[in-house]
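Asks: Quick note: the sequence shown uses my numbering, first residue 31, plus one each step. This is the structure, below, for whatever I ask next.
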Amino acid sequence: MRTTWIGMGLMVGALLAWGCGGESALGEACEEEGADGECEGGSVCGKPDDSAALQCLKTCVEQTDCLADEECNGISGSDLKGCRPK
31 MRTTWIGMGL MVGALLAWGC GGESALGEAC EEEGADGECE GGSVCGKPDD SAALQCLKTC
91 VEQTDCLADE ECNGISGSDL KGCRPK
């Protein structure tokens with residue numbers, strides 16, 4: 031019985047650590063626009079459009095870094111640019 035409780039405690043702890051830590055993936059929600067390290071490498075937290083919630087966008091330097099239906103624009107609170115839907 032004690033082993034079961036220890037195992038369950040370890041499982042819950044691992045799930046909490048996984049859910050609360052780490053960086054958000056491309057397209058996932060994020061909390062602070064332009065924040066460094068909130069999104070995984072190659073992406074930045076920004077708004078995909080004027081009315082949307084924040085999410086991790088692919089970083090870009092120039093238009094050719096984005097897909098044909100996206101545009102490379104600056105992200106508020108940083109010197110980075112992100113690919114946003116046109």
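The beta carbon of each residue, even a glycine, is placed where N, CA and C say it ideally should be.
(1) Quick check: the Cα distance between C69 and E61, rounded to an integer number of angstroms?
(2) Select from E58, A59, P78 the residue whose C-alpha is nearest the C-alpha of E101.
(3) Taking S106 and T89 to be in contact with their CB atoms under 8 Å, please state how far apart those CB atoms are, rounded to whole angstroms.
(4) Report the start-end ranges of each beta strand (DSSP E) in the region 68 to 94 that is 3 residues or longer and not cut off at the edges.
(5) Count the other C-beta atoms from every protein chain shown that fall within 10 angstroms of the C-beta of L87, then say buried if there are 16 or more, exposed otherwise.
(6) Run the CB neighbour count on L180, radius 10 Å, all protein chains shown included, and call it buried at 16 or more, exposed below.
(7) With a threshold of 16 other CB atoms inside 10 Å of the CB of K111, please say whether the residue is buried or exposed.
(8) State the start and end residues of the unbroken beta strand (DSSP E) segment that holds G112.
Replies: In short, the structure shows the following:
(1) By 1-based counting over the sequence shown, the position of residue 69 is 39. By 1-based counting over the sequence shown, the position of residue 61 is 31. Cα to Cα, the separation comes out at about 10 Å.
(2) Indexing the sequence shown from 1 puts residue 101 at position 71. Taking only the C-alpha atoms, the option nearest E101 is P78.
(3) By one-based count along the sequence shown, residue 106 stands at place 76. By one-based count along the sequence shown, residue 89 stands at place 59. With 8 Å as the limit, S106 and T89 do not qualify as a contact, their Cβ atoms being about 14 Å apart.
(4) 73 to 76, 85 to 90
(5) As a working mapping, residue 87 is identified with position 57 in the sequence shown. Buried, since its Cβ has 16 or more Cβ neighbours within 10 Å.
(6) In the structure as shown, the chain starts at 31 and stops at 116, and residue 180 therefore has no counterpart that could be examined.
(7) Position 81 of the sequence shown, counted from the start, is the residue given in the question as residue 111. Classification for K111: buried.
(8) Locating residue 112 in the sequence shown gives position 82, counting from the first residue. Here the beta strand (DSSP E) through G112 covers 111 to 115.
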